[in-house]
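Since the structure comes first, as structure tokens, the remarks are kept for the end.
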Amino acid sequence: MTSAPPRLEGVSGSSRSLRDLSFAHGTVGRAGLRRQDPDLLPALLKDPLTRVVELVEGRAEVTEVDRDVSLVLRPPRGTDLDHLSIFLGQDGEGTAYVGVVGGPGEAATDKWRTLREAGAVLSDRDAGLFATMLGLVNWHEAHTHCPRCGAPTLPDESGWLRRCTQDGSAHFPRTDPAVIMAVTDAEDRLLLARSPHWPEGRLSVLAGFVEPGESLESAVAREVLEEVGVVVDDVRYLGSQPWPFPSSLMVGFTSRAVDPTLHLDMEEIVEAVWVGRAELRDMVVAGRFGISPTVSISRRIIERWYGGPIDQQVEWVTPARH
Numbered sequence: 001m002t003s004a005p006p007r008l009e010g011v012s013g014s015s016r017s018l019r020d021l022s023f024a025h026g027t028v029g030r031a032g033l034r035r036q037d038p039d040l041l042p043a044l045l046k047d048p049l050t051r052v053v054e055l056v057e058g059r060a061e062v063t064e065v066d067r068d069v070s071l072v073l074r075p076p077r078g079t080d081l082d083h084l085s086i087f088l089g090q091d092g093e094g095t096a097y098v099g100v101v102g103g104p105g106e107a108a109t110d111k112w113r114t115l116r117e118a119g120a121v122l123s124d125r126d127a128g129l130f131a132t133m134l135g136l137v138n139w140h141e142a143h144t145h146c147p148r149c150g151a152p153t154l155p156d157e158s159g160w161l162r163r164c165t166q167d168g169s170a171h172f173p174r175t176d177p178a179v180i181m182a183v184t185d186a187e188d189r190l191l192l193a194r195s196p197h198w199p200e201g202r203l204s205v206l207a208g209f210v211e212p213g214e215s216l217e218s219a220v221a222r223e224v225l226e227e228v229g230v231v232v233d234d235v236r237y238l239g240s241q242p243w244p245f246p247s248s249l250m251v252g253f254t255s256r257a258v259d260p261t262l263h264l265d266m267e268e269i270v271e272a273v274w275v276g277r278a279e280l281r282d283m284v285v286a287g288r289f290g291i292s293p294t295v296s297i298s299r300r301i302i303e304r305w306y307g308g309p310i311d312q313q314v315e316w317v318t319p320a321r322h
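Note that the working numbering has the sequence shown beginning at 1, numbered continuously upward.
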């Protein structure tokens, strides 16, 4: 089956868009021009005013004071340059931030958290620093050799590229765009689905990676058609979220089904259902549906359709219809 790509409809206003997604509003300026200074990291890691974000096996240390959770930002240590170090930027007051990868086993206490665990409760500054550092570290770990000749690569430009030791070619961090979409029908029911590697009861909205030569709105239409056999139109942008697990940018949309009849690609989707608001509420209360964590754009998209927050621990709020 094929269909013409729908037209992208821009939507403004907090009542329609998602404006406060986790990781999406970092406050530290990236100061990209400073990265080219080969002496930048050595100088910053000698400056006691520099703040260091240390990452150990994907975890960063956090502290909690009066329920206010924040990253532990320490001064530099003499051994920091012995590890992968990345200039993360500077704030409006001139404070520089550097990410440093610690050795295995150094996250010895329960104060060390993953971004999934802590991202929703960190400030915009801290969540942005954590997400940037994690995405860059994931890229460095996966690109240790030159794709042209196979020679080893080394970090350069303050950790923002890797350079081939054989031919000198520069290789930059990659971000893989993916679309994630609420699909609704004429009755304003929401489509939820489960992939084969998810346990029963775990359902979410559809998502998929953008292919070369494809627009975002075309990717929405293609993914929905391929996975559940539904043609959609009226594609509208909601917001975007950096998702460094390992290197994605999640771009959220709404769309409307032309015909709600489902034809599942069982290799991609093993279960798909249309649900109304009352039905979704009953599913969660009965333990038949596990909502995504608060840090994820998928949860925010579902809650936006529902009309309010979904809390599996306490009584639900009354949904407000859009």
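All C-beta atoms in this analysis are idealised placements derived from N, C-alpha and C, irrespective of residue type, glycine included.
Straight-line Cα distance separating residue j from residue i
| i | j | result |
| --- | --- | --- |
| Leu115 | Leu122 | 9 Å |
| Trp160 | Gly99 | 12 Å |
| Trp139 | Arg174 | 7 Å |
| Glu183 | Arg35 | What sits at residue 183 in the sequence shown is Val, not Glu. Looking at the two C-alpha atoms, the distance is approximately 42 Å. |
| Asp110 | Arg59 | 10 Å |
| Asp80 | Glu271 | 49 Å |
| Ala186 | Arg256 | 8 Å |
| Val314 | Gly168 | Bear in mind that a pLDDT of 37 at Val314, under 50, signals an unreliable position, so the number given afterwards is only what the model happens to contain. Whole-angstrom Cα-Cα distance: 57 Å. |
| His197 | Pro293 | 18 Å |
| Ser215 | Gly290 | 31 Å |
| Asp39 | Leu136 | 20 Å |
| Tyr306 | Ile86 | 41 Å |
| Arg321 | Thr261 | Reliability of the predicted coordinates at Arg321 is poor, the pLDDT of 46 falling under 50, and the value obtained from them is presented with this limitation in mind. Cα to Cα, the separation comes out at about 24 Å. |
| Leu154 | Val101 | 15 Å |
| Arg74 | Gln241 | 27 Å |
Local Cβ density within 10 Å of residue i, reported as buried at 16 or more and exposed below that
| i | result |
| --- | --- |
| Gly287 | exposed |
| Val285 | exposed |
| Arg299 | buried |
| Cys164 | buried |
| Cys149 | exposed |
| Arg67 | exposed |
| Val210 | buried |
| Glu64 | exposed |
| Thr144 | exposed |
| Glu223 | buried |
| Ala107 | buried |
| Gly308 | exposed |
| Thr254 | buried |
| Glu200 | exposed |
Residue i - DSSP class collapsed to helix/strand/coil
| i | result |
| --- | --- |
| Ile86 | strand |
| Ala24 | coil |
| Arg222 | helix |
| Gln166 | coil |
| Pro196 | coil |
| Ile302 | helix |
| Arg116 | helix |
| Glu279 | helix |
| Thr254 | strand |
| Ala60 | strand |
| Asp68 | strand |
| Ile180 | strand |
| Glu54 | strand |
| Phe245 | coil |
| Val273 | strand |
| Arg35 | helix |
| Gly128 | helix |
Beta-carbon proximity check, residue i vs residue j, cutoff 8 Å
| i | j | result |
| --- | --- | --- |
| Glu61 | Trp112 | yes |
| Arg30 | Tyr97 | no |
| Ile269 | Ser195 | yes |
| Ser70 | Asp124 | no |
| Gly128 | Phe23 | yes |
| Gly229 | His263 | yes |
| Leu225 | Leu18 | no |
| Arg189 | Val275 | yes |
Spatially closest choice to residue i from the options, by CA coordinates
| i | options | result |
| --- | --- | --- |
| His171 | Val183, Ala142, Ile301 | Ala142 |
| Leu33 | Leu88, Thr27, Leu71, Leu21 | Leu88 |
| Val205 | Ala221, Ile180, Thr95 | Ile180 |
| Asp368 | Gly94, Thr144, Leu21 | Since the first and last residues shown for the chain are 1 and 322, residue 368 lies out of range. |
| Gly78 | Leu129, Gly92, Leu44 | Leu44 |
| Asp176 | Met250, Thr27, Ser215 | Met250 |
| Gly92 | Ser240, Asp82, Gly26, Trp274 | Gly26 |
| Met133 | Leu55, Leu191, Gly213, Leu192 | Leu55 |
| Thr252 | Val231, Gly276, Arg277, Ala219 | A small fix is needed here, since residue 252 is Gly in this sequence, not Thr. Checking every option, the nearest Cα to that of Gly252 belongs to Ala219. |
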